[in-house]
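Those sequence lines, one after another, are chains A and B. Those letters in the first sequence? Residues 1 to 349, by our numbering. Those letters in the second sequence? Residues 350 to 698, by our numbering. Positions of the beta carbon are idealized from the N, C-alpha and C atoms, including for glycine. All of these numbers come straight from a predicted model, not from anything done at the bench.
There are 2 protein chains.
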Amino acid sequence: MPEIQLDKRARSILKAVVSSFIHSGQPVGSRTIARAYREPLSPASVRNVMADLEGLGLLCQPHTSAGRVPTDRGYRYYVDSLLPAQRISSSEERVIRETLQEGPEDLAGLLERASLLLSRLSRNLGIVVAPVLSQTILKHVEFLRLSGRRVLTLFVSKSGALHNRIVQLEEEISQAELTRMGNFLSTHLGGKTLPQVRKELLHLMSEDTALYDRLLQRALSLGAWMFAQSEDLQSGVYIEGASNLLDRAGTQDLEHMRDLFRAFEDKHRIVQLLNQCLTSDGVQVVIGSENSEPELRPMSLVMANYSNEENPVGALGVLGPMRMEYARAVSLVDAIARACTEALRERTN
Amino acid sequence: MPEIQLDKRARSILKAVVSSFIHSGQPVGSRTIARAYREPLSPASVRNVMADLEGLGLLCQPHTSAGRVPTDRGYRYYVDSLLPAQRISSSEERVIRETLQEGPEDLAGLLERASLLLSRLSRNLGIVVAPVLSQTILKHVEFLRLSGRRVLTLFVSKSGALHNRIVQLEEEISQAELTRMGNFLSTHLGGKTLPQVRKELLHLMSEDTALYDRLLQRALSLGAWMFAQSEDLQSGVYIEGASNLLDRAGTQDLEHMRDLFRAFEDKHRIVQLLNQCLTSDGVQVVIGSENSEPELRPMSLVMANYSNEENPVGALGVLGPMRMEYARAVSLVDAIARACTEALRERTN
DNA sequence: TTTTAGCACTCTAACTAGAGGAGTGCTAAG
DNA sequence: CTTAGCACTCCTCTAGTTAGAGTGCTAAAA
Numbered sequence: 001m002p003e004i005q006l007d008k009r010a011r012s013i014l015k016a017v018v019s020s021f022i023h024s025g026q027p028v029g030s031r032t033i034a035r036a037y038r039e040p041l042s043p044a045s046v047r048n049v050m051a052d053l054e055g056l057g058l059l060c061q062p063h064t065s066a067g068r069v070p071t072d073r074g075y076r077y078y079v080d081s082l083l084p085a086q087r088i089s090s091s092e093e094r095v096i097r098e099t100l101q102e103g104p105e106d107l108a109g110l111l112e113r114a115s116l117l118l119s120r121l122s123r124n125l126g127i128v129v130a131p132v133l134s135q136t137i138l139k140h141v142e143f144l145r146l147s148g149r150r151v152l153t154l155f156v157s158k159s160g161a162l163h164n165r166i167v168q169l170e171e172e173i174s175q176a177e178l179t180r181m182g183n184f185l186s187t188h189l190g191g192k193t194l195p196q197v198r199k200e201l202l203h204l205m206s207e208d209t210a211l212y213d214r215l216l217q218r219a220l221s222l223g224a225w226m227f228a229q230s231e232d233l234q235s236g237v238y239i240e241g242a243s244n245l246l247d248r249a250g251t252q253d254l255e256h257m258r259d260l261f262r263a264f265e266d267k268h269r270i271v272q273l274l275n276q277c278l279t280s281d282g283v284q285v286v287i288g289s290e291n292s293e294p295e296l297r298p299m300s301l302v303m304a305n306y307s308n309e310e311n312p313v314g315a316l317g318v319l320g321p322m323r324m325e326y327a328r329a330v331s332l333v334d335a336i337a338r339a340c341t342e343a344l345r346e347r348t349n
Numbered sequence: 350m351p352e353i354q355l356d357k358r359a360r361s362i363l364k365a366v367v368s369s370f371i372h373s374g375q376p377v378g379s380r381t382i383a384r385a386y387r388e389p390l391s392p393a394s395v396r397n398v399m400a401d402l403e404g405l406g407l408l409c410q411p412h413t414s415a416g417r418v419p420t421d422r423g424y425r426y427y428v429d430s431l432l433p434a435q436r437i438s439s440s441e442e443r444v445i446r447e448t449l450q451e452g453p454e455d456l457a458g459l460l461e462r463a464s465l466l467l468s469r470l471s472r473n474l475g476i477v478v479a480p481v482l483s484q485t486i487l488k489h490v491e492f493l494r495l496s497g498r499r500v501l502t503l504f505v506s507k508s509g510a511l512h513n514r515i516v517q518l519e520e521e522i523s524q525a526e527l528t529r530m531g532n533f534l535s536t537h538l539g540g541k542t543l544p545q546v547r548k549e550l551l552h553l554m555s556e557d558t559a560l561y562d563r564l565l566q567r568a569l570s571l572g573a574w575m576f577a578q579s580e581d582l583q584s585g586v587y588i589e590g591a592s593n594l595l596d597r598a599g600t601q602d603l604e605h606m607r608d609l610f611r612a613f614e615d616k617h618r619i620v621q622l623l624n625q626c627l628t629s630d631g632v633q634v635v636i637g638s639e640n641s642e643p644e645l646r647p648m649s650l651v652m653a654n655y656s657n658e659e660n661p662v663g664a665l666g667v668l669g670p671m672r673m674e675y676a677r678a679v680s681l682v683d684a685i686a687r688a689c690t691e692a693l694r695e696r697t698n
């Protein structure tokens with residue numbers, strides 16, 4: 001895609017068109033722009049510029065005698081080069097900090113609250129993806145005998161996330177023995193990330209098995225099972241505010257909405273989509289057809305990652321119509337991502 | 350509401366009208382019924398009967414020259430007296446059993462699967478409410494020191510449900526001490542239901558405090574905090590299949606859908622709604638305006654409860670348009686509720 | 001007494017035609 | 001380079017018309 005160079009007036013007019021369309025949802029005519037322009041400029045002049053912008057593929061007309069509407073590339077230019085600097089209001093900032101730092105909940109609660117904030121404050125769909133397991137630091141392992149050979153295996157991460165599964169053992173084990181097994185694994189594996197845990201387990205198992213009593217051998221194999229599986233443990237996705245999307249949808253968008261909702265039933269795809277931004281910092285904006293998922297083509301996604309003390313671990317964002325308020329969404333996502341990072345730090349210190 | 354007595358023909362025609370409307374979604378004319386009738390009957394005769402049914406408030410016309418549509422009372426009569434006996438197919442039955450009994454997950458996973466089954470098999474919205482806390486039997490208490498004075502408190506129920514919160518202590522406690530506290534509470538409170546646990550805690554605390562060392566006193570107060578709060582721990586709700594609802598919605602139902610989705614963001618209300626059926630056995634059907642929630646008025650809800658070995662503990666159901674396939678929904682909800690009860694029994698034995 | 005054919009009537013959905021209006025592109029003058 | 005003027009396009013809204021489905025009523029048939 002060629003770099004597009006626009007002179008000052010063209011930039012100014014493009015910005016006005018996009019802003020106006022975002023605000024009204026109606027195609028923007030030359031008169032509207034001319035009126036709103038600071039130095040008086042005739043509609044005809046505006047039309048000339050708009051025709052140029054259309055030639056560059058930044059604007060288009062729904063039909064010959066309608067006003068202009070931004071194309072995907074138009075939005076892209078707007079977001080990249082024209083976005084009015086905006087900070088979230090200090091009162092909103094405060095709400096965010098208080099909501100995310102005071103909660104008495106576990107990690108899941110924190111993330112759900114974050115998603116709710118994204119949704120409420122942007123009036124769009126809020127999405128939060130839980131920390132990836134590869135960055136999760138193991139804190140504690142516990143085995144609880146539920147009944148007979150049924151055992152609840154659970155581990156807690158340093159940031160307070162809780163993962164659990166139920167396993168059916170081949171032979172019964174007493175709770176006392178299970179407790180010993182849990183303590184053994186907690187002591188030997190605590191503080192490591194899950195990939196490290198897996199490696200360490202393999203290492204321990206390959207050592208001269210005579211060193212360990214039979215119980216601990218079993219502990220190792222149970223641990224291996226637990227953490228081997230943890231790859232497909234779908235890390236949670238927290239989606240809030242579906243009704244916001246429906247609110248803005250016109251009657252003809254109904255089909256899009258159907259597809260969209262159906263797509264959202266496959267959480268795996270959402271995770272992958274959001275986790276793209278684990279590798280690069282800052283807020284990212286994906287506009288309309290740039291989207292890899294066909295169902296999201298008529299939408300835009302504003303997203304960023306959040307970190308534990310060292311690395312990006314999870315992602316969050318706002319999904320809305322292409323004519324969303326990008327300036328606001330960007331500052332909002334940025335603020336909430338930072339607040340999540342902050343809240344995570346507080347938990348682990 | 351007066352008992353309505355209908356003769357054989359009227360019942361038969363009402364049934365045909367409701368069935369036809371459920372199937373087609375179009376107002377049903379007298380010709381349609383006359384054609385589908387086993388013994389040939391003229392449209393005029395059918396019209397007479399239909400006029401009677403309209404007089405009884407069981408049918409109505411969208412406008413003078415349209416066919417008939419069932420009223421809420423019409424659906425009610427159909428569900429109460431005309432519902433064709435139907436059992437779920439044996440292959441579906443098998444899918445349900447396998448899905449709900451083989452899963453290696455915790456309780457949350459089981460309930461999510463149940464919700465997914467309800468949604469997929471009914472092509473409507475599936476809703477499952479987690480077991481109420483008042484019936485939850487405590488299995489184990491655990492305290493984990495996350496950092497500084499931050500402690501993850503968690504308890505596990507007999508059926509494998511896991512509840513956790515994070516608490517900020519006034520003074521630091523070592524993990525060893527926390528473990529002792531957890532063991533103490535597990536031993537003294539395990540096997541009791543949560544209300545019993547609360548009572549027992551109060552009792553223990555009121556005893557001569559000199560009997561206990563300081564640590565155990567702290568354990569008691571932490572436990573009291575933990576379980577006192579557990580009342581507002583929103584028991585989970587698992588809702589799946591929103592896109593199904595959208596699929597059937599016509600363009601003019603868009604507003605209803607908005608309201609509906611907005612209502613569903615308040616999970617508390619959903620819990621209350623479903624938990625109504627904890628007190629009475631069997632499948633219950635709530636039709637249209639019978640619904641207590643105004644947003645659900647254009648919808649119908651088919652629901653039932655599921656039990657642990659003794660008592661009803663949770664509820665599940667299917668929400669769909671008033672013209673849903675009641676026969677199928679009823680048998681489906683019944684089957685899945687039974688399967689959940691069964692799966693719960695297996696877990697706790 | 002019950003059923004049915006016939007008929008006039010009602011109301012909607014779909015189509016057509018025309019008026020009004022917003023907005024454009026082009027041209028020529030400032 | 002800007003702008004006024006103008007012809008043109010195309011959408012949207014309204015009103016009027018038609019076709020069709022379905023009804024209720026009446027009177028004849030069973």
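Helix, strand or coil at residue i according to DSSP, with G and I counted as helix
i	result
H353(A)	For chain A, the structure presents residues 1 to 349; residue 353(A) sits outside this window and is missing.
K192(A)	coil
A457(B)	helix
S656(B)	strand
L650(B)	strand
V367(B)	helix
L405(B)	coil
R422(B)	helix
Beta carbon proximity, residue i to chain A, threshold 8 Å
i	result
S592(B)	yes
D596(B)	yes
V586(B)	no
E642(B)	no
M575(B)	no
L571(B)	no
H489(B)	yes
R611(B)	yes
R607(B)	yes
L603(B)	yes
T542(B)	no
T381(B)	no
C-beta neighbour in chain B for residue i, strict 8 Å
i	result
G320(A)	no
V128(A)	no
T136(A)	no
L364(A)	Any property of residue 364(A) remains undetermined from this structure, which presents chain A solely from 1 to 349.
L56(A)	no
E265(A)	yes
R347(A)	yes
T341(A)	no
T251(A)	yes
Limits of the unbroken beta strand (DSSP E) element including residue i
i	result
E589(B)	V586 to E589
H489(B)	L487 to S496
A664(B)	P661 to P670
I4(A)	Where I4(A) is concerned, there is no enclosing beta strand (DSSP E), given that its DSSP letter is neither H nor E.
S506(B)	R499 to S506
L474(B)	L474 to V478
Unbroken alpha helix (DSSP H) run spanning residue i, endpoints
i	result
V333(A)	Y326 to T348
Q101(A)	S90 to E102
Query raised in the report: Is it a yes or a no for the region 115-129 of chain A touching the region 315-322 of chain A, going by three-plus beta-carbon pairs under 8 Å?
Result: yes
Query raised in the report: When Cβ atoms are compared, which residues of the region 360-377 of chain B fall closer than 8 Å to chain A?
Result: none
Query raised in the report: Of all the residues that make up the region 513-530 of chain B, which are near chain A by a beta-carbon distance shorter than 7 Å?
Result: N513, R514, I515 and V516
Query raised in the report: Using a beta-carbon distance cut-off of less than 9 Å, what residues from the region 649-673 of chain B approach chain A?
Result: none
**Report entry** Validate contact between the region 622-630 of chain B and the region 649-657 of chain B using beta carbons, cut 8 Å, 3 pairs
**Finding:** yes
Query raised in the report: When you check each C-beta in the region 147-164 of chain A against every C-beta of chain B, which residues fall closer than 9 Å?
Result: S147, G148, R150, L152, L154, V156, K158, S159, G160, L162 and N164
Query raised in the report: Do the region 359-375 of chain B and the region 398-405 of chain B make contact, defined as three or more Cβ pairs closer than 8 Å?
Result: yes
Report task. Spell out a yes or no on whether the region 73-93 of chain A and the region 12-25 of chain A are touching, meaning 3 or more CB-CB pairs, one atom from each, closer than 8 Å. Result -> Counting Cβ pairs under 8 Å, three or more are found: they touch.
Query raised in the report: For the region 412-423 of chain B against the region 458-465 of chain B, are there 3 or more C-beta pairs whose distance is under 8 Å?
Result: no
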